[in-house]
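2 protein chains.
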Amino acid sequence: MTETHTDLLARLVKLGYRVTPQRELLLAVLGETDKHLSAETLLERVRAVYPRVNKSVVYRNLELLAQLGLISCVDFGQGRVEYEVHHHPHHHHLVCRNCHAMIEINSDAFADIQHGFLETYGFAAEMDHLALFGLCRDCRAQMPVQLSHHPHTL
Amino acid sequence: MTETHTDLLARLVKLGYRVTPQRELLLAVLGETDKHLSAETLLERVRAVYPRVNKSVVYRNLELLAQLGLISCVDFGQGRVEYEVHHHPHHHHLVCRNCHAMIEINSDAFADIQHGFLETYGFAAEMDHLALFGLCRDCRAQMPVQLSHHPHTL
DNA sequence: GTTGTATTTGCAACTGGTTGCAATTATAGC
DNA sequence: GCTATAATTGCAACCAGTTGCAAATACAAC
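Chains as they are written, first to last, in the numbering used here: chain A, 863 to 1016; chain B, 863 to 1016.
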């Protein structure tokens, strides 16, 4: 149930924002794929079509679109934030710290916990799109010793 | 069961790293408080004692110490990463998106999920120190309408 | 206490992202 | 189709954090 390009623009208008060529282009680029894209990649792709687009515009619009819920962003830690058109149902990612493999899991896993927080603390946790780090099966198997040794002496 | 300054230095040596004045100072500053501190604040405090310490040294050592598990870092999203001496037991944070209130929760809440991931996907999730965003009880109550309107027209 | 050397530091240049502000432009009203 | 104007863009300066490299230094061996 991904929204079409036109749908997204219509929502933008309905919320009182203007439809500029830059925003259209940005949403078009995001709509082209169902993968996560970094701000940098997005800037690159936008500029491939229309090179004069300023980087601050891309950054500002990504922030805006995310805030409005037109796109979602996942924080993969270590300064990597990626964006995508809001797909449903929500999903989370298990990211391998070692090989960067990504396992998508649906958000049901967290439903209980989320409910628990609401009951116990009155806290409504937004668990739209989490990235959890760790080690995948393969890397756990491969990893002979923990990296508790000096990298230089390894 | 927070480790003492000397303990931490000893662990550093045992792992094959050198004890430099810069590292000692950094760990001392971290040990002074049980709050989370940003890299920038840490740099400031370190420099308050010994102004010649270079920022890249602070950043590099924070990364190292975190990797070695001597300190822990929480990613509060939006580019805010904070560090603290590794306290036990592990805890997580529920961070209010609106008023930035922070509720500390212990990690037991996630034990089941963590176990589930291991069973289902063979994935060993590191859930040391998570920050989950959302709205706290008070802000949920206060918040009359969602911010779906244009900020300029509000 | 010296010496040797690999680690660590300081530096300076760089990167990704942000901000304030003036110029441009989408859109509403006529 | 004009006009007015508030939203949006482009720009240039800036900021936090990173990187490569040469100089300094912790520490091990003697």
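For glycine and all other residues, C-beta sits at the position ideal for the given N, C-alpha and C.
Q. In the structure shown, what three-state DSSP assignment does A/Gln-1008 receive?
A. Position 146 of the first sequence, counting from 1, holds the residue named residue 1008 of chain A. In this prediction, A/Gln-1008 has a pLDDT of 45, which is less than 50 and means its spatial position is unreliable; nothing more can be read from the coordinates.
query = Who are the near neighbours of A/Cys-1001 in its chain, counting only those whose CB is closer than 7 Å to its CB and skipping five residues on each side?
reply = As a working mapping, residue 1001 of chain A is identified with position 139 in the first sequence. Cys-958, Asn-960 and Cys-961, listed in sequence order.
query: By the criterion of Cβ-Cβ separation under 9 Å, what are the contact partners of B/Glu-988 in chain A?
result: For the purposes of this step, residue 988 of chain B is identified with residue 126 of the second sequence, where counting begins at 1. Ordered by position in chain A, the residues that pass the 9 Å Cβ test against B/Glu-988 are Arg-959, Leu-994, Phe-995, Gly-996 and Leu-997.
If we count the other Cβ atoms within 10 Å of its Cβ and call it buried at 16 or more, is A/Lys-876 buried or exposed? What you label residue 876 of chain A is simply residue 14 of the first sequence in a count that begins at 1. That one is exposed.
Problem set entry | Neighbouring residues, chain B, relative to A/Ala-971 (Cβ below 7 Å) | Reading the first sequence from its first residue, position 109 is the one you call residue 971 of chain A. The contacting residues are Ile-975 and Gly-978.
Just the Cα atoms here: how many angstroms apart are B/Leu-871 and B/Val-919?
Taking the second sequence and counting its residues from 1, the one referred to as residue 871 of chain B is at position 9. Taking the second sequence and counting its residues from 1, the one referred to as residue 919 of chain B is at position 57. C-alpha separation (whole angstroms): 17 Å.
Quiz prompt | Interface positions of the stretch 911 to 940 of chain B facing chain A (Cβ-Cβ less than 8 Å), listed along the chain | solution = Gln-929, Leu-930, Asp-937 and Gly-939
Going straight from the alpha carbon of B/His-1014 to that of B/Val-911, what length do you get? For the purposes of this step, residue 1014 of chain B is identified with residue 152 of the second sequence, where counting begins at 1. For the purposes of this step, residue 911 of chain B is identified with residue 49 of the second sequence, where counting begins at 1. Its pLDDT being 45, under 50, B/His-1014 is placed unreliably by the model, and the measurement read from it follows with that caveat. Straight-line Cα distance between these residues: approximately 45 Å.
Query raised in the report: Opposite B/Met-964 in the DSSP bridges: which residues?
Result: By one-based count along the second sequence, residue 964 of chain B stands at place 102. Bridge partners of B/Met-964: B/Val-957.
Out of B/Leu-904, B/Gly-978, B/Gly-878 and B/Arg-999, which one is the CA nearest neighbour of B/Met-989? Mapped onto the second sequence, residue 989 of chain B falls at position 127. Comparing Cα positions, the closest option is B/Gly-978.
| request: Determine the direct distance from the alpha carbon of B/Leu-887 to that of A/Asp-937, and round the result to whole angstroms. | output: Here residue 937 of chain A corresponds to residue number 75 of the first sequence, with the count starting at 1. Here residue 887 of chain B corresponds to residue number 25 of the second sequence, with the count starting at 1. For A/Asp-937 and B/Leu-887, the distance between alpha carbons rounds to 31 Å.
Chain A beta carbons: is any one of them nearer than 8 Å to that of B/Gly-893? Numbered from 1 along the second sequence, position 31 holds the residue referred to as residue 893 of chain B. Not an interface residue.
message: Which residue wins for smallest C-alpha separation from A/Gly-984, given the options B/Leu-997, B/Leu-889, B/Leu-904 and B/Tyr-879?
response: Counted from its first residue, the first sequence places residue 984 of chain A at position 122. Comparing Cα-Cα distances from A/Gly-984 to each of B/Leu-997, B/Leu-889, B/Leu-904 and B/Tyr-879, the minimum goes to B/Leu-997.
Checklist entry - Between A/His-954 and A/Leu-992, is the Cβ-Cβ spacing less than 8 Å? => result Here residue 954 of chain A is taken as the residue at index 92 of the first sequence, counted from 1. Here residue 992 of chain A is taken as the residue at index 130 of the first sequence, counted from 1. Cβ atoms of A/His-954 and A/Leu-992: closer than 8 Å.
Cross-chain neighbours of A/Leu-874 in chain B, by beta carbon under 9 Å:
Reading the first sequence from its first residue, position 12 is the one you call residue 874 of chain A. Correct list: empty, because the minimum Cβ distance to chain B is about 11 Å.
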